[in-house]
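First the structure, in the form of structure tokens, and then the observations on it.
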Amino acid sequence: MTLENKTRCPLCGHENGCQNMPQNRGGDCWCFIANIPKPLLEKVPESERRRSCICRHCVDAYKAEKGIS
Numbered sequence: 031m032t033l034e035n036k037t038r039c040p041l042c043g044h045e046n047g048c049q050n051m052p053q054n055r056g057g058d059c060w061c062f063i064a065n066i067p068k069p070l071l072e073k074v075p076e077s078e079r080r081r082s083c084i085c086r087h088c089v090d091a092y093k094a095e096k097g098i099s
């Protein structure tokens, strides 16, 4: 899935809340300090890697499913 809108999560398609986007004045995003599991990052389609943020909901849901704190 290729997403034209980088404000969308590449996994679920919902808004990702990225704070590093130009419309948010390029501020620091929560994901800069988040511990995002490598297996979750690997689920991002190759075309979207390093181009759009995974949303907090997907990160939290993955961690809950895998029992990661």
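Quick note: the sequence shown uses the working numbering, first residue 31, plus one each step.
Even for Gly, the Cβ is constructed at its ideal location relative to N, Cα and C.
Nothing here was measured: the structure is a model prediction, and the numbers come from that model.
Have a look at the DSSP bridge pairing and note the partners of residue i.
i: glutamate 45; result: Arg38
Mapping the DSSP letters down to three states, classify residue i as helix, strand or coil.
i: leucine 33; result: With a pLDDT of 44 at leucine 33, under the threshold of 50, the modelled position of that residue is not reliable, and the figure given next carries that caveat. Note: leucine 33 maps to coil in three-state DSSP.
i: cysteine 83; result: coil
i: valine 89; result: helix
Let's test the definition: count the other Cβ atoms within 10 Å of the Cβ of residue i and tell me whether it reaches 16, buried, or not, exposed.
i: serine 82; result: buried
i: asparagine 19; result: Only positions 31 to 99 of the chain appear in the structure, and residue 19 is not among them; the question remains open.
i: arginine 79; result: exposed
i: histidine 44; result: exposed
i: isoleucine 84; result: buried
i: cysteine 88; result: buried
Alpha carbon to alpha carbon, how far is residue j from residue i? Give it in angstroms, no decimals.
i: lysine 93; j: serine 77; result: 24 Å
i: serine 99; j: glutamine 49; result: 23 Å
i: arginine 86; j: proline 67; result: 12 Å
i: cysteine 42; j: alanine 64; result: 18 Å
Since residue i and residue j are thought to touch, with beta carbons under 8 Å apart, how far apart are those beta carbons, to the nearest angstrom?
i: proline 40; j: proline 75; result: 6 Å
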